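Residue numbers (this note's numbering), protein chains in the order written: chain C, 22 to 282; chain A, 609 to 818. We treat Cβ as the ideally placed atom computed from N, Cα and C, and that holds for glycine. Since the structure is predicted, the reported quantities are computational estimates derived from the model, not experimental observations.
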Amino acid sequence: MSQIVQLDVWHFALIYLLLLVVITVLRFTKINQTKSLLWGSARMTLQLTLSGLILTYIFQNPSPIFMALYLLAMISFAVYRVISINKRLNRRFRLIIAASIALSGLAVMAYFVAVVVGEHLGNPQYVIPISGMLMGNTMTGVSLGVKSLYKTIEDQADRIETLQNMGVRPEKLFLPFVRQAMETAILPTINTMVGIGIVSLPGMMTGQILSGTLPTTAILYQIAIMIAICTTVCLATFGSLYFGYRTLYNKRNQIEIGGAA
Amino acid sequence: MAAILTAKNLKFMDFLRFPDLSVERGSAAFLCGPSGTGKSTLMKLFNATHTPTEGTITFDGQDIAGMDTIDLRRSVLLAGQKVYLFDDTIRGNFEQFYAFRGDPCISDEDMREFLRLCCIEFPLETRCQPLSGGEKQRVFLAVHLSMKPQVLMMDEPTAALDKKTSRLLLSQVKDYCKQNGITMLVISHDISLVGEYADQVISLSEEACE
Numbered sequence: 022m023s024q025i026v027q028l029d030v031w032h033f034a035l036i037y038l039l040l041l042v043v044i045t046v047l048r049f050t051k052i053n054q055t056k057s058l059l060w061g062s063a064r065m066t067l068q069l070t071l072s073g074l075i076l077t078y079i080f081q082n083p084s085p086i087f088m089a090l091y092l093l094a095m096i097s098f099a100v101y102r103v104i105s106i107n108k109r110l111n112r113r114f115r116l117i118i119a120a121s122i123a124l125s126g127l128a129v130m131a132y133f134v135a136v137v138v139g140e141h142l143g144n145p146q147y148v149i150p151i152s153g154m155l156m157g158n159t160m161t162g163v164s165l166g167v168k169s170l171y172k173t174i175e176d177q178a179d180r181i182e183t184l185q186n187m188g189v190r191p192e193k194l195f196l197p198f199v200r201q202a203m204e205t206a207i208l209p210t211i212n213t214m215v216g217i218g219i220v221s222l223p224g225m226m227t228g229q230i231l232s233g234t235l236p237t238t239a240i241l242y243q244i245a246i247m248i249a250i251c252t253t254v255c256l257a258t259f260g261s262l263y264f265g266y267r268t269l270y271n272k273r274n275q276i277e278i279g280g281a282a
Numbered sequence: 609m610a611a612i613l614t615a616k617n618l619k620f621m622d623f624l625r626f627p628d629l630s631v632e633r634g635s636a637a638f639l640c641g642p643s644g645t646g647k648s649t650l651m652k653l654f655n656a657t658h659t660p661t662e663g664t665i666t667f668d669g670q671d672i673a674g675m676d677t678i679d680l681r682r683s684v685l686l687a688g689q690k691v692y693l694f695d696d697t698i699r700g701n702f703e704q705f706y707a708f709r710g711d712p713c714i715s716d717e718d719m720r721e722f723l724r725l726c727c728i729e730f731p732l733e734t735r736c737q738p739l740s741g742g743e744k745q746r747v748f749l750a751v752h753l754s755m756k757p758q759v760l761m762m763d764e765p766t767a768a769l770d771k772k773t774s775r776l777l778l779s780q781v782k783d784y785c786k787q788n789g790i791t792m793l794v795i796s797h798d799i800s801l802v803g804e805y806a807d808q809v810i811s812l813s814e815e816a817c818e
C-alpha cells in the first residue's frame, strides 16, 4: 500500500470550489436553495470540525464518562430529529421511539464491537464511529417509517372511520398500515445493500482504504457495518411502530391520532 | 314500546347539549334538525367512538360506559356519512369487511339479496372504484345491513340518491328491519322522507348548541 497523503488546509480548502459549481447549477435551474446549501455546508464544516476535535481529545484521554456523554448526545440528537420531523406524535409514542432507537442502537453496537471485532466496549475508537453510523441510518429509517405511518393514516381516514364503526379492533385496523410503514423504512437500507460495491463504494470502506487499510480488510468491516445498520434500522423501526401504534387508541378503542404536538 | 337507546343530560365538549331522548325498540326513528345541531355526533356517541363530556347513554338498559365498545359497535352499527369501499369487486368488499371483523363472510346468494334490498342489483364481480357516488353508497349500505345489528344507524343514507330510488331503498330496508327486529335510526334532511317512513321523529334544535 502507498503512503497516506496528508491533506494540508490550503489544498483541502480547494474542495469548497466545487460548491460554486452547485451554486451555478442551482442558479441556472432557478432553484432557490443557494442559501440552504451555504448554510448546510457551513454547519457541516463546523459540526465535523468540532466533533473531530472532541474525538481527538476522547481518543487521547479515554474515559467511560466522555464516551457515555458522546453516545448520549448522539442518541438524543437522533431522537430529537425524528420527533421534530413528526410533530403530531403523542408523548407515549415519543418515549417509545426514544427507547427503540437507544436500545437497538446500543445493543447492535455492543454486539459489533465486543463480539464481531473483539474489542473492549470501553474503546472509543470503535464504539463512537460505529454508533455514529448506526444512529445516523436508524434516524433516517425510523423517521421515514413514522412519517409514512401518519401519512397513510391521514390518507385513509374514511377507511379507518368505517372500520371503526363496524366494530373492527384497532390493532386489526392499524396493522396493515404499520407493515407498510415498516417496509418503507427498511427498503432504502436493503436497496443500498443490493447496490453496494457495484453502484457505490461506501463511505466507511473508502475512508479506510484512503487511510491505508487493505481493501480486503475494509470490505469485511463494510459488510459487517451494513448488516449491523440493517439490523438496527429494522429493530428500531419495529419497536417504534409496533409499540407506537398502540398509543393511537385508548382503552375504549377510540382513535386519538392528533396527540400533543 | 320500550326504549333500546336512551340519552340523559348528554353534553359533548362545550358546544353541544342534547335533550333527553330515547329510541324505541324496533322502530324506524329519524333524527332531524338543522346542520350543526350534533346529529352525526350523537350517532358517534351512541356507538362510543366519541365519549360524552357529561351524561349517560344506555343501550338495552345498560350504561354503555361499562360495555365492551367493540361489541357495542357491532350491535349499534353506524353506516357513516363518508362512504368507504375497498378497491375491489362488490364480492371482494363483502369479504374484506367481514375479514376485518373476523367473521365468516355471507354467501353469494345473501350478498345478492342485500344488494337487491339496497336497490343495486349489480353482478358481484363488478369493480367498485368506477361506480358513481350513489351506487357506492348503496353497496356500502348493503354491506352494513348484511351485518344484522340490533340498531342500524344511517347518516344521510339517501344523500346521493334520486327521490324515486331513495323511497324504494328506505321502504325495502325498513321492511327488512321490521321483519328482523332491527331498530333503525336515520339522519335525513328530506322532510317528505321523514313524514313517509318515520315511526318516531327526534328533533335536535339550534338551542342545543351553545
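8 angstroms CB neighbourhood of residue i in its chain, flanking five on each side removed
i, result
"residue 682(A)", "709, 755, 757"
"residue 135(C)", "141, 142"
"residue 619(A)", "625, 626, 660, 661, 662, 663"
"residue 215(C)", "none"
"residue 807(A)", "632, 635, 636, 637"
Short CB-CB distance (under 9 angstroms) between residue i and chain C
i, result
"residue 807(A)", "no"
"residue 871(A)", "Outside the displayed range of chain A (609 to 818) lies residue 871(A), so it cannot be described from this structure."
"residue 718(A)", "no"
"residue 685(A)", "yes"
"residue 762(A)", "no"
"residue 749(A)", "no"
"residue 752(A)", "yes"
"residue 705(A)", "yes"
"residue 615(A)", "no"
"residue 680(A)", "yes"
"residue 742(A)", "no"
"residue 818(A)", "Confidence in residue 818(A) is poor, its pLDDT being 44 and thus under 50, which makes the residue's placement too unreliable to answer from."
"residue 699(A)", "no"
"residue 708(A)", "yes"
"residue 791(A)", "no"
"residue 666(A)", "no"
Beta-ladder partner(s) of residue i, from DSSP
i, result
"residue 640(A)", "811(A)"
"residue 631(A)", "613(A)"
"residue 665(A)", "615(A)"
"residue 270(C)", "276(C)"
"residue 862(A)", "With chain A running from 609 to 818 in the structure shown, residue 862(A) is simply not present."
"residue 687(A)", "762(A)"
"residue 586(A)", "Because residue 586(A) is not part of the residues shown, which for chain A are 609 to 818, the question remains open."
Residues near residue i in its chain [Cβ-Cβ closer than 6 angstroms; skip 5 each side]
i, result
"residue 733(A)", "697"
"residue 656(A)", "672, 677, 680"
"residue 213(C)", "none"
"residue 119(C)", "100"
"residue 629(A)", "615, 810"
"residue 785(A)", "792"
"residue 720(A)", "none"
Own chain residues within Cβ distance below 7 angstroms of residue i, not counting five before or after
i, result
"residue 744(A)", "691, 693, 736"
"residue 184(C)", "194"
"residue 219(C)", "none"
"residue 145(C)", "79, 80, 83, 88"
"residue 236(C)", "230"
"residue 277(C)", "269, 270, 271"
Cβ-based burial, residue i [other Cβ within 10 Å; buried from 16]
i, result
"residue 208(C)", "exposed"
"residue 617(A)", "exposed"
"residue 166(C)", "buried"
"residue 32(C)", "exposed"
"residue 711(A)", "exposed"
"residue 269(C)", "buried"
"residue 65(C)", "exposed"
"residue 8(C)", "It is not possible to answer for residue 8(C), since the shown part of chain C is limited to 22 through 282."
"residue 621(A)", "exposed"
Cβ of residue i within 9 angstroms of any chain A Cβ
i, result
"residue 173(C)", "no"
"residue 276(C)", "yes"
"residue 35(C)", "no"
"residue 185(C)", "yes"
"residue 167(C)", "no"
"residue 176(C)", "no"
"residue 281(C)", "With a pLDDT of 41 at residue 281(C), under the threshold of 50, the modelled position of this residue cannot be trusted; read the value that follows with caution. No, no contact with chain A."
"residue 188(C)", "yes"
"residue 269(C)", "no"
"residue 19(C)", "Examination of residue 19(C) is not possible in this model, given that chain C is present from 22 through 282 alone."
"residue 273(C)", "yes"
"residue 200(C)", "no"
"residue 64(C)", "no"
"residue 266(C)", "no"
is_contact[residue i, chain D] using C-beta, thresh 9 angstroms
i, result
"residue 180(C)", "Absence of chain D from the displayed structure is noted, the protein chains being C and A."
For the region 704–760 of chain A, which segments carrying the alpha helix (DSSP H) assignment without a break, of at least 4 residues, lie completely within its bounds, in sequence order? 716–725, 741–754
Give the list of continuous alpha helix (DSSP H) stretches no shorter than 4 residues that lie fully inside the region 169–229 of chain C. Listed in chain order, the alpha helix (DSSP H) runs fully inside the region 169–229 of chain C are 178–186, 191–216, counting runs of at least 4 residues.
Could you tell me which uninterrupted alpha helix (DSSP H) segments, each at least 4 residues in length, are contained entirely in the region 76–116 of chain C, listed from first to last along the chain? 85–106
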